[in-house]
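*Asks:* Those protein sequences? They're chains A and B, same order as listed. Read left to right, the first sequence gives residues 41 to 155 (this note's numbering). Read left to right, the second sequence gives residues 71 to 185 (this note's numbering). Here's a structure for you.
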Amino acid sequence: GQQLNQSPQSMFIQEGEDVSMNCTSSSIFNTWLWYKQEPGEGPVLLIALYKAGELTSNGRLTAQFGITRKDSFLNISASIPSDVGIYFCAGQRRGEETSGSRLTFGEGTQLTVNP
Amino acid sequence: NAGVMQNPRHLVRRRGQEARLRCSPVKGHSHVYWYRQLPEEGLKFMVYLQKENIIDESGMPKERFSAEFPKEGPSILRIQQVVRGDSAAYFCASSPSRGGNEKLFFGSGTQLSVL
Numbered sequence: 041g042q043q044l045n046q047s048p049q050s051m052f053i054q055e056g057e058d059v060s061m062n063c064t065s066s067s068i069f070n071t072w073l074w075y076k077q078e079p080g081e082g083p084v085l086l087i088a089l090y091k092a093g094e095l096t097s098n099g100r101l102t103a104q105f106g107i108t109r110k111d112s113f114l115n116i117s118a119s120i121p122s123d124v125g126i127y128f129c130a131g132q133r134r135g136e137e138t139s140g141s142r143l144t145f146g147e148g149t150q151l152t153v154n155p
Numbered sequence: 071n072a073g074v075m076q077n078p079r080h081l082v083r084r085r086g087q088e089a090r091l092r093c094s095p096v097k098g099h100s101h102v103y104w105y106r107q108l109p110e111e112g113l114k115f116m117v118y119l120q121k122e123n124i125i126d127e128s129g130m131p132k133e134r135f136s137a138e139f140p141k142e143g144p145s146i147l148r149i150q151q152v153v154r155g156d157s158a159a160y161f162c163a164s165s166p167s168r169g170g171n172e173k174l175f176f177g178s179g180t181q182l183s184v185l
């Protein structure tokens with residue numbers, strides 16, 4: 041099946057540092073989304089990107105939809121301890137009869153923030 | 071998590087027993103997606119259902135697994151004769167339509183442990 045390559049797999053940073061993670065795909069997606077998952081919980085939507093080249097911010101988070109539609113990155117500025125969790129990228133396609141709003145997920149980036 | 075309710079949160083079964091996982095979508099949503107997450111991995115698509123219809127079950131194992139979304143009541147993911155490899159977190163998400171550009175909101179998941 042479709043694979044999304046997400047990197048890095050894990051990051052250990054100091055509080056206050058900026059963080060960057062990215063996802064690449066071998067095929068095009070119409071929408072890119074970024075989710076955060078905390079232990080024992082489901083993924084929570086952080087940012088949704090709908091247009092190639094789009095740059096969107098949500099507080100200290102900034103994400104971009106790559107021009108080629110095959111990649112996206114997420115930046116977190118001035119990290120704080122509560123940023124700890126697993127961050128997932130997800131791609132979504134339109135126009136396929138059976139896919140609906142189905143998502144393809146990356147493998148996740150485990151973020152650890154040391155106070 | 072925008073009102074997607076899953077139960078139970080934790081389910082323990084012995085090998086060979088049946089597991090039933092329930093998902094009540096956001097009120098008014100008629101499309102449901104089930105995903106499975108193995109430890110330290112991303113979410114993998116299993117099945118996409120609309121009320122009384124299975125739209126796409128390409129991610130679901132052919133044997134022992136089944137899903138339904140009746141006209142009334144929650145969506146059910148059923149696993150017969152569970153094996154240890156079925157141990158995972160199972161997440162449900164819902165959307166209001168098949169628009170293909172809908173944000174998916176996830177429930178908190180059911181953690182299935184097979185002894």
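The C-beta atom is built at its ideal place from N, Cα and C for all residues, glycine as well.
Start and end of the beta strand (DSSP E) containing A130 (chain A)?
*Replies:* Segment 125-132, the beta strand (DSSP E) holding A130 (chain A).
*Asks:* So, is A118 (chain A) buried or exposed, given that buried needs 16 or more other C-beta atoms within 10 angstroms?
*Replies:* Counting Cβ neighbours within 10 Å, A118 (chain A) comes out exposed, since fewer than 16 surround it.
*Asks:* Under 9 Å Cβ-Cβ, which residues of chain B neighbour F128 (chain A)?
*Replies:* Per Cβ cutoff of 9 Å: G112, L113.
*Asks:* Using 8 Å as the cut-off, can you tell me whether the region 43-52 of chain A makes contact with the region 87-107 of chain A, which would need three or more C-beta pairs spanning the two stretches below that distance?
*Replies:* Cβ pair count under 8 Å is below three, so no.
*Asks:* Assuming R100 (chain A) contacts I116 (chain A) under a Cβ cut-off of 8 Å, what Cβ separation, rounded to an integer in Å, is found between them?
*Replies:* About 6 Å; that satisfies the 8 Å criterion.
*Asks:* Measuring straight from C-alpha to C-alpha, what distance separates N77 (chain B) and G146 (chain A)?
*Replies:* One C-alpha to the other measures close to 26 Å.
*Asks:* Could you tell me whether any Cβ in chain A is nearer than 8 Å to the Cβ of H101 (chain B)?
*Replies:* By this cut-off, H101 (chain B) is an interface position.
*Asks:* Is the separation between the beta-carbon of S157 (chain B) and that of V117 (chain B) shorter than 8 Å?
*Replies:* No, the pair does not count as a contact, with Cβ atoms beyond the cut-off.
*Asks:* With 16 as the cutoff for other CB atoms within 10 Å, does N154 (chain A) come out buried or exposed?
*Replies:* It counts as exposed.
*Asks:* If you draw a straight line from the C-alpha of F139 (chain B) to the C-alpha of G80 (chain A), how long is it?
*Replies:* Spanning the two alpha carbons is a distance of roughly 25 Å.
*Asks:* In whole angstroms, what is the alpha-carbon distance linking M130 (chain B) and T149 (chain A)?
*Replies:* Distance between the alpha carbons of M130 (chain B) and T149 (chain A) is about 25 Å.
*Asks:* Excluding sequence positions up to five away, which residues of its chain have a Cβ less than 6 Å from the Cβ of A92 (chain A)?
*Replies:* So the qualifying residues of the chain are F105, I107, R109.
*Asks:* For chain B, check one thing: does any of its Cβ atoms lie closer than 8 Å to the Cβ of A88 (chain A)?
*Replies:* Closer than 8 Å: yes.
*Asks:* Given Y103 (chain B), which residues of its chain have a CB within under 6 Å of its CB, disregarding the five upstream and five downstream residues?
*Replies:* The residues are Y118, A163.
*Asks:* Any beta-carbon of chain A closer than 8 Å to the one on K173 (chain B)?
*Replies:* So yes, K173 (chain B) belongs to the interface.
*Asks:* Residues of chain B with CB under 9 Å from P48 (chain A), in chain order?
*Replies:* Result: empty, since nearest Cβ-Cβ is about 14 Å, beyond 9 Å.
*Asks:* In chain A, which residues lie less than 7 Å from Y160 (chain B) when you measure between Cβ atoms?
*Replies:* Near Y160 (chain B) there are no residues of chain A at all, since even the closest Cβ is about 10 Å away, more than 7 Å.
*Asks:* Just to make sure I have the definition right: I need the residues of chain B whose C-beta is within less than 8 Å of the C-beta of R142 (chain A). Which are they?
*Replies:* Correct list: Y103, F115, Y118, D126.
*Asks:* Output the boundary residues of the beta strand (DSSP E) element that contains Y90 (chain A).
*Replies:* Note, Y90 (chain A): premise wrong, no beta strand (DSSP E); not H, not E.
*Asks:* Could you check whether I149 (chain B) and E88 (chain B) sit closer than 8 Å to each other, using their CB atoms as the reference points?
*Replies:* Contact: yes.
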